[in-house]
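Take a look at the structure below.
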Amino acid sequence: MNRRIFLRGLGGACVAAPFLGSIAERTVKAEPAAPPRRLIVMYTHYGCITTRFFPQKSHGPLTAADLEPTTLKHLAPHVDKLLMPRGIRAMNEWTATLARGQGNDPRLQSSASYFTCHPVTPNSDDPFSFDAETKFNAKPTGPSLDHVIARQLSPDGEPLVMCVGGFRQVGSAAISFSAPVTPYPGLSAPAQVLAKLTGLFTDAPPSPDTYRAIRGKSIIDLVRDDLDTLARFDMSQADRHKLEAWKAMLHDTVTTVASGQCTTSLATMLGATQENVDLASTPPSTDDVLTRRISGSMDGADLYSNLAVLAAACNATPVIVLTYPPNYLFRGLGLTQESASLARRLDSAGMQGTCLPGAVDMLLKIDDYHARKFAYLVEQLSGIDEGDGTLLDNCAAVWFQGASDGLAHNLNNLPIVQVGSAGGYFKTGWAVNVEDGSPDLTTGNSEIVCVDGAPDEVDGISQATGTDPSLANAPINKYYCNLMNALGVKAGADGFPAPGGSAPVTHFGMYDRTEDFIGGGTNPPTIHHPGEFAELRADS
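In terms of my numbering, the sequence shown opens at residue 1 and continues consecutively.
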């Protein structure tokens, strides 16, 4: 025992480092490791009826009563773990006058730039062009947030992207990009996801020594805290070389131990069984695959959520994305018009015309459905114990929407809902107006047309149903910095995320001001407001 220094790793595992004579029998102790932190994204297209979505309180502590009159009423049981970042703008907004972004397509450029904060290429300066390359095939010039995180933290360097309902990311619907102009297809069938996870299952919980080991980490990663402390000791040059040689020898030695809850029993409890997966994969051709009941109260969309929860419990990857389909017909909600046209309050995907009767009521049904699906995801995460709390406590589960109002296609005043503090990193139980902290941020103008007593003509070009463009413009890049730092992503000296970095992330994307996107990358890359939103942190 005296010829070794023992490093204590995750869950109490011990690893013997070589004898280092110059520090002899000094001991090193580390605090028990906390459970890993995860990001789970739910992404829906076309925005929402903002006037019904947001609580009236836009800054301050939230209560269940604040949520009850809104679309978010289903989250009332979890209001103490909810965070609503208010006043945020996504990048690259389409406008008829090229005032706030490129001129490619209202949906394509916003979706492709949403998680990349990069312009799309090839560029168009004609907002009404139907050129196939610029309107339908343009791609962002950088990778998306999920891949940037996974490249540093995921065992295989990739996120788990699930296309809910089996609808692959194509064209203007793509939000995940593994590299510049490279859409990431993700997994469309539940069977693909289950197959990816079953290799992690164990019939019995692992021993305490390996319980918290993160799948794919090398041995030296498991004892990182102790190793860093050891390296700070004053030691001889010979011993320092010996330690580095030992680290190099262990560098490629990998453990594949998953969480102690990653079992077939948990999969069964979540309904992620082969029978349910097979049922979800072969629905009748006339069926609505999202709302179709799979078992009990679980529908097709819930099955994907349960697989996301299972992936989080298995530590399969720290970043999981559930992307819902665009242009979808919700037959199970009693609707007869697909969602893209409804978002424009029309019976077609045009931008101007006479209101489709009942369009706003139908949109509210879709908003309510999405809110119920997010609440279901949150409930499943909260039902699994982990560490001193639940799996939800160690996650940031975030519902992002591709726009604010679906007719205006505006990207300011973005509806973002987060539940879970990511291991205590984030403030919860609050709405936080990150722009100026004022208590009366607008809920938008979604109901100025197509409702009783309002005009019966819509004009998506004017963007009147959106929020005044002078309001709620804090860059979403900063929120992404919050999320990356919460998970432990590191940056290089320039503040941009970089494998091997050691600094906090302060920069992300190419631009953080929507006007800079005009011209499609001709403006110099500029982040005007680096850093995260400090007011979103638990220590603020």
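Where a beta carbon is used, it is the ideal one built from N, C-alpha and C, also for glycine. All values derive from a computational prediction rather than experimental measurement.
Proximity below 9 Å, CB of residue i to CB of residue j
i, j, result
"Leu-377", "Ala-472", "no"
"Ala-550", "Pro-122", "It is not possible to answer for residue 550, since the shown part of the chain is limited to 1 through 540."
"Ile-49", "Val-360", "yes"
"Leu-290", "Pro-325", "yes"
"Gln-380", "Asn-433", "no"
"Pro-439", "Met-91", "no"
"Ile-40", "Tyr-114", "no"
"Ala-551", "Arg-151", "Because the chain in this structure spans residues 1 to 540, residue 551 falls outside the shown range and cannot be described."
"Tyr-369", "His-118", "no"
"Leu-153", "Phe-508", "no"
"Tyr-552", "Gly-165", "Absent from the structure is residue 552, since the part of the chain shown begins at 1 and ends at 540."
"Leu-329", "Thr-323", "no"
Neighbourhood of residue i by C-beta, 6 Å cutoff - its chain only, sequence neighbours within 5 removed
i, result
"Leu-346", "Gly-353 and Leu-356"
"Gly-171", "Phe-136"
"Gly-216", "Low per-residue confidence applies at Gly-216: pLDDT is 45, beneath 50, and the placement is therefore not dependable, though the value from the model is reported in the following sentence. Cβ within range, chain order: Pro-155."
"Glu-158", "Ala-150"
"Gln-463", "Ala-408 and Asn-410"
"Asp-131", "none"
"Ala-280", "Pro-190, Ile-294, Gly-300 and Leu-303"
Cutoff 7 Å; reference residue i; Cβ partners in own chain excluding five residues on either side
i, result
"Ala-313", "Ser-259, Gln-261, Cys-262, Leu-266, Ile-384 and Leu-391"
"Arg-292", "Pro-283, Asp-299, Gly-300 and Gly-332"
"Ser-532", "Going by the sequence as given, residue 532 is Glu instead of Ser. Lys-478, Cys-481, Asn-482 and Asn-485, listed in sequence order."
"Ser-111", "Ser-172, Ala-173, Ala-174, Ile-175 and Gly-402"
"Leu-98", "Asp-125, Pro-127 and Ile-518"
"Gly-500", "none"
"Pro-530", "Gly-495, Thr-506 and His-507"
First and last residue of the uninterrupted beta strand (DSSP E) at residue i
i, result
"Arg-86", "82-86"
"Ile-320", "319-323"
"Met-42", "38-44"
"Ser-178", "177-179"
"Thr-457", "Here residue 457 is Glu; the residue named in the question, Thr, does not match the sequence. 457-459 is the span of the beta strand (DSSP E), which, as asked, contains Glu-457."
"Ala-397", "395-401"
"Asn-433", "430-433"
"Gln-261", "Where Gln-261 is concerned, there is no enclosing beta strand (DSSP E), given that its DSSP letter is neither H nor E."
"Gln-418", "417-419"
Residue from the options with nearest C-alpha to residue i
i, options, result
"Leu-364", "Asp-125, Arg-37 and Cys-450", "Cys-450"
"Asn-445", "Ile-294, Ser-438, Pro-455 and Gly-437", "Pro-455"
"Ala-491", "Ser-404, Tyr-480, Pro-504 and Thr-428", "Pro-504"
"Pro-106", "Thr-336, Gly-387 and Asp-126", "Asp-126"
"Pro-140", "Ser-236, Trp-94, Arg-168 and Ala-179", "Ala-179"
"Ser-382", "His-78, Asn-315, Arg-89 and Leu-187", "His-78"
"Phe-517", "Thr-70, Gln-102 and Thr-198", "Gln-102"
"Thr-71", "Ser-129, Leu-270 and Thr-51", "Thr-51"
"Leu-407", "Leu-414, Thr-467 and Arg-344", "Arg-344"
"Pro-497", "Thr-134, Thr-286, His-147 and Pro-190", "His-147"
"Thr-182", "Thr-116, Phe-201 and Leu-279", "Thr-116"
"Ser-502", "Asn-412, Val-489, Gly-387 and Leu-160", "Val-489"
"Leu-200", "Glu-244, Asp-287 and Leu-310", "Leu-310"
"His-59", "Gly-437, Gly-358 and Ala-189", "Gly-437"
"Asp-405", "Phe-53, Leu-303 and Met-42", "Phe-53"
"Lys-549", "Val-223, Gln-274 and Arg-232", "The first residue shown for the chain is 1 and the last is 540, placing residue 549 beyond what the model contains."
"Val-193", "Pro-415, Asp-278 and Ser-295", "Asp-278"
"Ala-538", "Gly-424, Asp-459, Ala-493 and Asp-468", "Gly-424"
"Thr-506", "Met-162, Ala-534, Ser-470 and Thr-514", "Ala-534"
"Gly-495", "Thr-467, Asn-523 and His-528", "His-528"
"Asn-590", "Ser-470, Ala-396 and Asn-394", "The question about residue 590 has no answer, for the chain in this structure spans 1 to 540."
"Gln-109", "His-45, Lys-247 and Arg-168", "His-45"
"Ala-272", "Ile-88, Thr-286 and Ala-189", "Ala-189"
"Met-269", "Leu-441, Asp-288 and Ser-295", "Ser-295"
"Ala-191", "Ser-341, Ala-64, Arg-232 and Asn-276", "Asn-276"
Terminal residues of the alpha helix (DSSP H) in which residue i lies
i, result
"Leu-227", "224-231"
"Tyr-480", "476-487"
"Phe-533", "No alpha helix (DSSP H) contains Phe-533, which DSSP labels as neither H nor E."
"Leu-194", "190-198"
"Ala-267", "264-269"
Closer than 8 Å: residue i CB and nearest the ligand ZN heavy atom
i, result
"Ile-518", "By its list of ligands, the structure shown contains no ligand whatsoever, and the ligand ZN lies outside what it can speak to."
Cut-off 8 Å between Cβ atoms - residues of its own chain near residue i, not counting five sequence neighbours on either side
i, result
"Leu-75", "Leu-67, Leu-82, Ala-371, Phe-374, Ala-375, Val-378, Val-417 and Val-419"
"Glu-31", "Bear in mind that a pLDDT of 47 at Glu-31, under 50, signals an unreliable position, so the model cannot answer this."
"Leu-536", "Leu-83, Pro-85, Phe-426, Lys-427, Val-432, Val-434, Tyr-479 and Asn-482"
"Lys-57", "Asp-66, Ala-431 and Pro-439"
"Leu-62", "Pro-55, Val-79, Leu-82, Met-84, Gly-429, Trp-430 and Ala-431"
Inset, instruction - Any chance you could list the beta strand (DSSP E) runs of at least 3 consecutive residues sitting entirely within the region 52-129, in chain order? - result: The qualifying runs are 82-86.
Legend entry - In chain order, each beta strand (DSSP E) run of at least 3 residues that lies wholly inside the region 271-315: 293-295
Inset, instruction - Entirely within the region 334-387 and at least 3 residues each: give me those beta strand (DSSP E) ranges in chain order. - result: Counting only runs of 3 or more, we get 352-354.
Inset, instruction - Quick one: which unbroken alpha helix (DSSP H) runs of 4-plus residues sit fully inside the region 129-166? Chain order, please. - result: 132-136 and 145-153
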